Amino acid sequence: MRHRTLTPPDWLVRSLKPQPAPIPWAAVTRAAIGMSLPLAIGTAAGKPTYGALAAMGALSGVIGDTADAYRMRILNIAVPQLFGALGVTLGALVFGHGWTAVAAVTLVALISGMMSTIGAVASVSGLLLLLNCVIGAGLPLPGEWWLAPALMTGGGLLVLALALLAWPLRSGVPERTAVAATYRNAAALLEAAGTGDGDDDAYDKARAAVTASLNQAYDLVLARRTRDHGRSPDLVRLIAELNAVTPVVEAAPVAHRYGEKLPPELPAAMRELAKAVERGKRGPHGEKGEGSAYADLGLPEELPEDLPEPHGAAARAVHHALRHAADTLADPDPLTVVHAEDRLGRPAALRVRARRATRNVILSGASWRYGLRLALCIGIAQALVSLIDVPRSYWVALTITFVLKPDFGSVFSRAVLRALGTAVGLVVAAAVLSSVERGWWDVPVVLVLATLIPALTPRGYGYQTAAITPVILLLSDVLNHQGFGLVVPRLVDSLIGCAIALVAGYLLWPESWHTRIGDRLADAVSDTARYVECAFGPGSDATAPAARARMRRRLYRDLSDIRTEFQRALTEPPPTGARAAAWWPLVVAVERIVDATTAARVRVRHGADPPGAGEVGEVSRQLSELAEALREVEVLVPVPVDFTGPKDSVLEPLRQEVGAARAVASPRR
58 MRHRTLTPPD
68 WLVRSLKPQP
78 APIPWAAVTR
88 AAIGMSLPLA
98 IGTAAGKPTY
108 GALAAMGALS
118 GVIGDTADAY
128 RMRILNIAVP
138 QLFGALGVTL
148 GALVFGHGWT
158 AVAAVTLVAL
168 ISGMMSTIGA
178 VASVSGLLLL
188 LNCVIGAGLP
198 LPGEWWLAPA
208 LMTGGGLLVL
218 ALALLAWPLR
228 SGVPERTAVA
238 ATYRNAAALL
248 EAAGTGDGDD
258 DAYDKARAAV
268 TASLNQAYDL
278 VLARRTRDHG
288 RSPDLVRLIA
298 ELNAVTPVVE
308 AAPVAHRYGE
318 KLPPELPAAM
328 RELAKAVERG
338 KRGPHGEKGE
348 GSAYADLGLP
358 EELPEDLPEP
368 HGAAARAVHH
378 ALRHAADTLA
388 DPDPLTVVHA
398 EDRLGRPAAL
408 RVRARRATRN
418 VILSGASWRY
428 GLRLALCIGI
438 AQALVSLIDV
448 PRSYWVALTI
458 TFVLKPDFGS
468 VFSRAVLRAL
478 GTAVGLVVAA
488 AVLSSVERGW
498 WDVPVVLVLA
508 TLIPALTPRG
518 YGYQTAAITP
528 VILLLSDVLN
538 HQGFGLVVPR
548 LVDSLIGCAI
558 ALVAGYLLWP
568 ESWHTRIGDR
578 LADAVSDTAR
588 YVECAFGPGS
598 DATAPAARAR
608 MRRRLYRDLS
618 DIRTEFQRAL
628 TEPPPTGARA
638 AAWWPLVVAV
648 ERIVDATTAA
658 RVRVRHGADP
668 PGAGEVGEVS
678 RQLSELAEAL
688 REVEVLVPVP
698 VDFTGPKDSV
708 LEPLRQEVGA
718 ARAVASPRR
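Per the working numbering: the sequence shown = residues 58 to 726.
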């Protein structure tokens, strides 16, 4: 008799698998100091509860301490702290007021859920607004009504101060590092594309890495420009250097599509440019030779003249792109770069974007659904603990807040991971609470446990929960002195919160059972059809290259977001996870369609005959029909497509990719 091995389901294995990520040692150090120092000061002053409140505020700062650029750290930490202070104030004001507290916390949950649709900073701000409101409404806080908000904000600002210590010495370094990483990833893309062996997997991974690094670099630079509205030379130079990567990324699909093997000197030269970007050295612009721009940049002397003579469209495109990138790096006056920022579009002023975000949130059906879903669950939790005597019941609402935050991914998998992570964290907390004497011993324990939060957070949500749980329990014990008696009630509260989130926040909402990949992918296919028309349609020669660059960047960013959504959907249990997996071939197919369009455009620019209007219209029409059909159903079946254009057309590879997309995954009409 054959025995079946008991194994966890695939979706759970994917959820529990730790994500590869380096340990952020600087953030680890800031977390240890930022959370243990307030507790030490409070203990020394004979006010450990004050120190615990400040350490809780520092925990909020540690959670938001994820940005590389210093200006972004201010936004990521300081702005959420203000909302956190508002939340704890509101919660403290309604503490002990029964159903008034239930209504107030539920309203805050609605606002928090709607805020999460604006962006990353607003999402963390909404999270802290609700979390601190729940804590204020569920825990008796010491001192006057203003003391707890002040202490918690002070703890968060301490973490911010630690995060900004090196700013005077390292200003601009994170941005330059991100741009240099983009150059290195572009070099890896050239190697993957130029092998001539048609390895699609290696090329797809390299292209995804370039897209991710471009997204990060542009986000860092543009975030910095939102406050520097003038023509800052450093910022314009960074944008120009990023724009200089675009022709290289454009050329890679040509080499991969047509199996053109690139000489290894080309990616090697790209890596030398990356070193120059990272050093940030600039020299006088001039001819090659002693004191020349290339010499002062530290670039190899053979870069301008001794690169192999290009043969083929891809090699010529890369060769020209490398020279352009080297000239951009060597130019002593970045302001002479022609409209460098216009390739991306100038960011609107902060107040303009704030008005747009507010209007979009108020008018968006998705933001109202997110807010109502979160408010329903929080309202049920608050009503439940008001009717049933649950000691320290704020933990139920805290669990729901972390599990159900709409922009954090799969509700189902997060509920499971929250329960598992809490169980692991409670084991650690039980060991600490049962063996460590309260008082000064709390300080080294918090110092050690705090280091685990930034170290484990990049690994996954379950690991983050396991790291945060013992810290919160230990700080809560400083406030209410329940000791080991906290452990079992917190586990029960977590299970209740997970159950409410699963039933009222997941099972009762039909959209939970449907993946959002189809609609988002349909939008990307529609944008791809417009990209084809922009690249080859009437007047395409007169179309500004910047317009095509912006359109292509937006496409790749959208497809990158779809990949992220796909990874989240895979952690859902059947049938949602299985349906999401069925979309994966189409996601890859759309990326290849964009690549094929770019490759065809590069070939036309380097001498190939442009396609006729009928060919362009035929491809665009097929893409538009595919996009329209994708919005109708979720079950995908093949649909044959016949094109009538000439086989020797520059669009033939693009037509093949469009046909493959419709053959692999097209909905039945």
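No residue lacks a Cβ here, since even glycine has one placed at the ideal position from N, Cα and C. In this text, all values refer to a predicted model and were calculated from it rather than measured experimentally.
Worksheet item: Can we say the region 516-532 touches the region 477-495, given the rule of at least three CB pairs closer than 8 Å?
Response: yes
Worksheet item: Which residues in the same chain have their Cβ closer than 7 Å to the Cβ of Ile134, if we skip the five residues on either side of it in sequence?
Response: Gly118, Gly121, Asp122, Gly213, Val216, Leu217 and Ala220
Worksheet item: What residue range is occupied by the uninterrupted alpha helix (DSSP H) comprising Asn242?
Response: Val230 to Ala250
Discussion item. I'd like to check one pair, Val460 with Ala387: are the Cβ atoms closer than 7 Å?
Written reply: no
Practice prompt. Alpha carbon to alpha carbon, how far is Ser443 from Ile192? Give it in angstroms, no decimals.
Written response: 15 Å
Worksheet item: Are the region 170-186 and the region 224-233 in contact at 8 Å, needing three or more beta carbon pairs?
Response: no
Discussion item. Could you tell me the alpha carbon to alpha carbon distance between Ala161 and His381, rounded to whole angstroms?
Written reply: 59 Å
Worksheet item: Within 10 angstroms of its Cβ, does Gln138 collect 16 or more other Cβ (buried), or is it exposed?
Response: buried
Practice prompt. Go ahead and label Gly402 buried or exposed: buried means 16 or more other beta carbons lie within 10 angstroms of its beta carbon, across all protein chains shown.
Written response: Reliability of the predicted coordinates at Gly402 is poor, the pLDDT of 46 falling under 50, and the value obtained from them is presented with this limitation in mind. Classification for Gly402: exposed.
Worksheet entry | Coarse secondary structure for Leu356, derived from DSSP in three states | Model confidence at Leu356 stands at a pLDDT of 46, short of 50, so the residue's coordinates are unreliable; what they give is reported in the following sentence. It is coil, neither helix nor strand.
Worksheet item: Nearest to Ile98 by CA position, among Ala88, Ala112, Arg87 and Ala639, is which residue?
Response: Ala112
Discussion item. Assess contact between the region 527-545 and the region 427-435, defined as three or more Cβ pairs (one per stretch) separated by less than 8 Å. Is contact present?
Written reply: no
Discussion item. Measuring only the C-alpha atoms, how far is Gly337 from Ala646?
Written reply: 38 Å
Worksheet item: What span of residues does the alpha helix (DSSP H) with Thr508 cover, start to end?
Response: Asp499 to Leu513
Discussion item. Would Val311 and Ala274 be called neighbours here (beta carbons separated by less than 7 Å)?
Written reply: no
Worksheet item: Under three-state DSSP, which class holds Asp699?
Response: coil
Practice prompt. Let me know if Ser270 comes out buried or exposed under the rule of 16 or more other beta-carbons within 10 Å of its beta-carbon.
Written response: buried
Worksheet item: Buried or exposed: His313, going by 16 or more other Cβ atoms within 10 Å of its Cβ?
Response: buried
Worksheet entry | 7 Å Cβ cutoff met for Glu307 and Val334 | no
Worksheet item: Measuring CB to CB, does Ala263 end up less than 7 Å from Ala238?
Response: no
Worksheet item: When you compare only the Cα positions, how much space is there between Arg90 and Thr654?
Response: Residue identity differs from the one stated: residue 90 is Ile in this sequence, not Arg. Rounded to the nearest angstrom, the two C-alpha atoms are 52 Å apart.
Practice prompt. List the endpoints of the continuous alpha helix (DSSP H) containing Leu564.
Written response: No alpha helix (DSSP H) holds Leu564; DSSP gives it neither H nor E.
Discussion item. My output table needs one value for Gln521: the three-state DSSP class, helix, strand or coil.
Written reply: helix
Fill in: Integer Cβ distance of Val375 from Leu330, believed to fall under 8 Å
Not quite, the Cβ-Cβ distance comes to about 12 Å (not below 8 Å), so this is no contact.
Fill in: DSSP three-state assignment for Ser583, whether helix, strand or coil
helix
Worksheet entry | Separation of Gly200 from Lys74, as counted between CA atoms | 44 Å
Fill in: Inside the region 602-664 only - beta strand (DSSP E) runs reaching at least 3 residues
none
Practice prompt. State buried or exposed for Pro77, treating a residue as buried only when at least 16 other CB atoms are found within 10 Å of its CB.
Written response: exposed
Worksheet item: When we look at the beta-carbon of Glu622 and count the other beta-carbons within 10 Å, is it buried (16 or more) or exposed?
Response: buried
Worksheet item: Where does Arg649 land, buried or exposed, given buried means 16+ other C-beta within 10 angstroms?
Response: buried
Practice prompt. Could you say if the region 705-715 and the region 670-680 meet the contact criterion of at least three C-beta pairs nearer than 8 Å?
Written response: yes
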